[in-house]
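In my numbering, the protein residues as written are 1456 to 1603. The beta carbon of each residue, even a glycine, is placed where N, CA and C say it ideally should be.
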DNA sequence: GCCAACGTTGGC
DNA sequence: GCCAACGTTGGC
């Protein structure tokens, strides 16, 4: 899951322990949260846009997909009149802090790793803010010393 | 700050 | 249903 650290960082998650992943307004990302993510699933927390760009920590799903209520609030930045409580369009999950990397695993190093060639986040133009991680990719990422 | 890549919108 | 125009994302 990608986040801009100046908006919400791994340290913010560490401080709040849990959070709801609201504001996703992309159908593909929504589908992952609504249909694929289950309680206990682990998440890589990725810092985008701001140096250092890369994986900053790990979290886990503590509540599976449910309607993103921020879409119903006209004053919310992510308000979407097309989404109704009776017929929600957008979904989110709750995640809980697990681990912070000693230092961010830079995107550059992810790109250098042959096992991560196909990983979504290293592809050019990859903009999906919630995306799956293959088991082999997960294994390779856990080997980075930044987790120690 | 730039700009390529992408998703969405809306006219036809 | 097509596709150009537009807005956004996000690495550099």
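- Out of 1488, 1478, 1494, the CA that lies nearest to the CA of residue 1532 is found in 1478.
- Distance from residue 1489 to residue 1520 at the Cβ level is roughly 4 Å; contact confirmed, criterion being Cβ atoms closer than 8 Å.
- Residue nearest to residue 1553 within the set 1515, 1592, 1474 is 1515 (criterion: CA-CA distance).
- Collapsing the DSSP output to three states places residue 1480 in coil.
- Between residue 1528 and residue 1474, the C-beta gap is not smaller than 8 Å, which leaves the two residues out of contact.
- The DSSP-derived three-state label of residue 1571 is helix.
- For residue 1561, the enclosing beta strand (DSSP E) stretches over residues 1546-1561.
- Distance from the CA atom of residue 1557 to the CA atom of residue 1575, rounded to whole angstroms, is 23 Å.
- Boundaries of the beta strand (DSSP E) around residue 1514: 1509-1522.
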